[in-house]
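FYI, this note's numbering numbers position 31 of the sequence shown as 31, with every residue one higher than the one before it.
We put the CB at the ideal spot given by N, CA and C, even for glycine.
If you're wondering where the values come from, they're calculated on a predicted model, not measured in any experiment.
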Amino acid sequence: MDPELVTLTASAASAVAGAMATDSWAAVKSRIVGLWRRYQPEQADEVATALDRDTARLTGPDGASHVPGPTDEVAEQWTRRLTALLAGHPEAAAALTELMGRPGGPPSAVIPHQLPGAMVTFVGRTGAIATLDTLLEDPDQDVVTPDGQHGHAVVVAVDGAPGIGKTTLAVHWAHMAADRFPDGQLYVNLHGYAPSTAPLEPRDAIRGFLDALGVSPQAVPVTEAAQAGLYRSLLAHRRLLIVLDNARDTDQVRPLLPGGSGCRVLVTSRSRLTGLAATDGARLVTLGLLSTDEARQILRQHLGTARVGAEPAAVAALLDRCACLPLSLSVVGARAATEEHLTLGDLAAELNDAEQLLDALHAGDSASDVRAVFSWSYRRLSSPSARLFRLLGLPAGPDIALPAVASLSGLPRRSARRVLGDLVDAHLVTRKGPGRYDFHDLLRAYAAERAELTDPEPDRQAALHRLVSHYLHTTSRAARLVNPHQEPADLTRPMPGVVPEDFSGYDAAVAWCEAERAVLIGTVAQAVRVGLFAEGWRLARCLTDVLDRQGHWHDQLRVQTLGLEAADRLGDPLGQAHGCRGLAHALTRLGRFEDAEPLYRRAIACFSSLGLLAREAGVELDLAWMWEENAGAYDLALRQARRALDLYTETGDEVGRARALNAVGWYQTLGGDHEAALRNCERALALLRTLDVPHDEAYTLESLGHAHQHLGHFASAAENYRASLSVFHRLGDSLYEATIHIRLGDLHIEGGDTASAAEEWHRALMLLEPLQHPQAAGVRERLARLSQGSSRRHRPRAGRTPLTT
C-alpha cells in the first residue's frame, strides 16, 4: 500500500481507539459505520458490532468506567480493517481523510523551528553544557526505563531555583545543537510557575505541537487521546529536539513525551522531577549558582573589564547581594551601566539599604534573594515608569502589544512606547518582537506584588477593565471584517483612555487575531475570573467567527464555555442565548452533535423569550447545518431551514428570508432535488438583488452553481461560480474567493479539463496560504493527485459553514 495510506490508516485507527472512552464516541462511531455503509455495506453491521465489542473492552461493561484496556491492540485491529477497506476501495481514502479531519497529506514534511531567539551573549555554564552534550547528543542511546522497557526518548530534566538561568541554558544549548536534529525543534513554555497564568494543560501543549508539525487546526482529532496518539505517531520516526520549559511537575510533562527513541527532550523546572526519572528514565541535572568568576563576567559584559577591576570589594558585595543569579546580575549591570557617575561601592551600599526596606516582603524562599535587586531598580524608575511596571503585572496573557499597554495604562501610545523603552533599558521588561513585550516570571510576580501594595484596588480594577475593553472593542472591529454579516455586539463606548486598534481590511484583521489569539483567550478567562461578566461573554461572542474561520475549534470550545459561564453568572438571557449558540457551534465542529443540539434548543428558547425572532431563525439555520454535518441528514437540515424561512417571513426580515430560501435550496441540492433547489435559489437571488446584500448574493450564486453542476449543466455552473467569484473578489473576501476557485477546479475535473482545474486550484492555494487556512491542505491533495496522473474523481462533501447572524 502507498506509504501515505499506511500513515492514514494507522492514525485513523489510533483516533478510533482513543475516542472509544470519550463522550463524543457516539458521533465518531456513526461516522465509522457510515464509511462502511458507503463502500462495503455488506460489512457495516459487522463493523458496528465490532466497535461495540471493542468499546466494552476499553471502557468496561457500564460504558463509563474508563478502566484501562488494550488500546494498542484495538488500534492494531482497526488498522487492519481500514487497510483492507482501502485495498478494495482506494476511493475511500478521501472519505477517511475527511472523517479524520485531515484533508491533506501527512504533515511530516513540516520542520518546526520553535526555539526562542538565541542569547546575544552567554556566560559560563561550561560544565552544564558538557553534561547536556553527553546526555542528549548520542544518537544511538537506548533508554531503559526502571521497569525494563527499551526504545524510549532520551529525557533530561534541568531543575534549579527561579532566576538561576535554566531557560537561558536550555535555549542556548538547543541553538548550539540545532543541526543535530534535522527534523526540527519544538518549544513550549508550560507556565508551571507563572504568577498570573495557569499552568498550561498538556492537551493544549499537544495541540500547539500539532500545529507546529503542520497539522491544520481543522485536522486535529476530536478527542484528547486521539490528539496525543497523533502527536506520538508524527514523532515516531523523526529526530527532533523538544524543549519543555518551566514545567510544574511530572504529570504535566509525561503526556508530552514522544513514543520513539529518535527524539530528545529537554525539560526545565523549579522542581526536581524525580517521578520522571523513576518512570521514564529521565536524567536529572540540578543547575547551581554561577561561580564567582562567571558572575563577575556578566558584570564585565555590562560595565567593561576596567570598571569591574577597579572596585573588587564593591563587585564582591554586588555579587553577594545578587546571590550570583543571572537575572538579578543583569538588572544590576543595566543600572550600573546607565549611571556611570555612581561608583560600584555606592551602588552596593544602596542595594544593601533596599534590602533592609524589604524585610516585610521576605518570604524565606529563593525568590526573596532577588526582591532587593528588583526593588533597587524599581525605586530608580520615574513615577510613570514605575506605575506602568506595576500595571504590567496584572494581565493574564503571555505577552502584550504596545496598543494594549497604552489602554492598560491610559497613556497615549507615544508615551507608552517611551516608558516601555525605559523599562527595557532597565532590564525589567523584554522586547519580545516588534511592538511586543514580556518579562520574566519573577519580575511579573514582583510587579503584581508591588501593584497590590501600592495601587488602590479600584485603580487596579480600572486598569484591567481598560485592558478588557481594549481587546473587546478591537476584536469587535476585527470580527466585523472577518464576517460582515455578524450583527454588532451591542457594545457601549470604550472606556476613557482606551483606543482600540483599526485594521486596513480582512487580511490585517485575521493577522491581528492570530497574533493575539492566546492573549484573547486568556483575557476572556480573566474577565470571568475578576467579575467582568458582560465584557467576558461579549468578547467570547466576538471571537466566534474569528476562531471558526481559522479552524481553531478547540480554542473555540474553551472560549465559548467561558462566555456561557459569564452570561449565566450575570443572568443575562441575551448573553446566554449567544453563549449557547457559540458553544453549540464549536461542539458541532468537533462532531459532538448530541451535546450541541440541546444548546441550540436553549438558544432558540432564549431568543424567543426576548422576542428576537430573527435571531431565533438564525439558530434554526445553525441547526440545519448541524444536521448536514451529522452524517448528511439533509432531510432534517431542510426541515430546519424551512422553519427559519417561516420565522423570517413572519418578522418581515427580507434579508433573512432570502438567506433561508438559499438554505432551503442548498439542502435540496445536497439531497438530490436539484430542480427544486434551482427554483428556491433563483427566488433568493432575485430578492437579494433588490436588497443590495452582496455577500448573500455571492453565496446564492454558489448554490446555483452547485445545483447546475449536479444536473450536468456545466456551462451554467461555471457562469454562476464565476459571478460568485467576482463578488467575493470585489468584497475582498479571500477565503470564499478561494472556495469558489476550488469548486471551479472540481467542475473542470468533471469536464475532463485537468489543466484548467490545476490553474483554479493554484489560484485557491495562493489565497489560502497567506491565511494559513486549513482548507489549503485539501487543495494540495487535489494538485498532488493531478501530478500523480490520477484520473479518479474526487468530489468532497459540499458542506458550508453557516453565517453568524
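{"Asked": "Simplified DSSP state of ALA401, which is helix, strand or coil", "Found": "strand"}
{"Asked": "Three-state secondary structure assigned by DSSP to ILE164", "Found": "coil"}
{"Asked": "Run of the beta strand (DSSP E) containing ARG436, from where it starts to where it stops", "Found": "436 to 438"}
{"Asked": "Buried or exposed by the 16-neighbour rule on C-beta atoms within 10 Å, applied to ASP365", "Found": "With a pLDDT of 43 at ASP365, under the threshold of 50, the modelled position of that residue is not reliable, and the figure given next carries that caveat. Burial call: exposed."}
{"Asked": "The stretch 476 to 490 contacting the stretch 543 to 551, beta-carbon criterion three pairs below 8 Å", "Found": "yes"}
{"Asked": "Any chain D beta carbon closer than 8 Å to HIS708", "Found": "No chain D is present in this structure, which holds just one protein chain."}
{"Asked": "Separation of VAL33 from GLU91, as counted between CA atoms", "Found": "17 Å"}
{"Asked": "For ALA177, the nearest candidate out of GLU201, VAL265, GLY192 and PRO162 (CA to CA)", "Found": "VAL265"}
{"Asked": "Per DSSP, the bridge partner or partners of ILE129", "Found": "Its beta-bridge partners do not exist; DSSP assigns none."}
{"Asked": "Test item: CB-CB of GLN252 and LEU190 under 8 Å", "Found": "yes"}
{"Asked": "Classification of GLN185 by the beta-carbon crowding that lies within 10 angstroms, buried from 16 upward", "Found": "buried"}
{"Asked": "Own chain partners of VAL693 with C-beta closer than 6 Å, once the 5 adjacent residues on each side are dropped", "Found": "VAL655"}
{"Asked": "Bounding residues of the beta strand (DSSP E) (the contiguous stretch that carries VAL499)", "Found": "Premise fails: VAL499 is in no beta strand (DSSP E) and is neither H nor E."}
{"Asked": "Bridge partner(s) assigned by DSSP for GLY421", "Found": "Partner(s): none; GLY421 has no beta bridge."}
{"Asked": "Separation of ALA174 from GLY117, as counted between CA atoms", "Found": "11 Å"}
{"Asked": "Sub-8 Å separation of LEU394 and ILE400 beta-carbons", "Found": "no"}
{"Asked": "Distance between ALA644 and ALA631 (C-alpha atoms, nearest Å)", "Found": "21 Å"}
{"Asked": "Proximity to ASN680 [Cα-Cα], best of GLN668, ALA87, ARG31 and THR250", "Found": "GLN668"}
{"Asked": "Residue from ALA236, ALA698, PRO398 and LEU284 whose Cα sits closest to the Cα of GLY160", "Found": "LEU284"}
{"Asked": "Buried or exposed by the 16-neighbour rule on C-beta atoms within 10 Å, applied to ASP179", "Found": "exposed"}
{"Asked": "Closest residue to LEU234 among CYS322, PRO112 and ARG248 (Cα-Cα distance)", "Found": "PRO112"}
{"Asked": "C-beta contact flag for THR338 and LEU319 at 8 Å", "Found": "no"}
{"Asked": "Cβ-based burial, LEU464 [other Cβ within 10 Å; buried from 16]", "Found": "buried"}
{"Asked": "Start-end ranges of the beta strand (DSSP E) lying completely within the stretch 254 to 293, minimum 3 residues", "Found": "264 to 269 and 283 to 286"}
{"Asked": "Helix, strand or coil at ALA13 according to DSSP, with G and I counted as helix", "Found": "helix"}
{"Asked": "Cα-Cα separation between VAL47 and ARG81, rounded to whole angstroms", "Found": "9 Å"}
{"Asked": "Exposure of GLU628, with buried meaning 16 or more beta-carbon neighbours within 10 Å", "Found": "buried"}
{"Asked": "Straight-line Cα distance separating ALA534 from LEU290", "Found": "50 Å"}
{"Asked": "Length-filtered (4 minimum) alpha helix (DSSP H) runs lying within the stretch 734 to 796", "Found": "734 to 750, 754 to 771 and 775 to 787"}
{"Asked": "Assigned exposure category for ALA12 - 16 Cβ within 10 Å defines buried", "Found": "buried"}
{"Asked": "GLY214 - containing beta strand (DSSP E), residue span", "Found": "GLY214 -> no beta strand (DSSP E), and no H or E assigned at all."}
{"Asked": "Paired residues, beta bridge with TYR187 - DSSP", "Found": "VAL243"}
{"Asked": "Buried versus exposed call for GLN640 [16 or more other C-beta atoms within 10 Å across all chains shown]", "Found": "buried"}
{"Asked": "Residue environment, ARG102, which counts as buried when at least 16 other CB atoms sit within 10 Å", "Found": "Note that ARG102 scores a pLDDT of 38, beneath 50, so its modelled location is shaky; the value from the coordinates is reported in the next line. Buried."}
{"Asked": "Separation of ALA153 from ASP183, as counted between CA atoms", "Found": "15 Å"}
{"Asked": "Secondary structure of VAL158, DSSP reduced to three states", "Found": "strand"}
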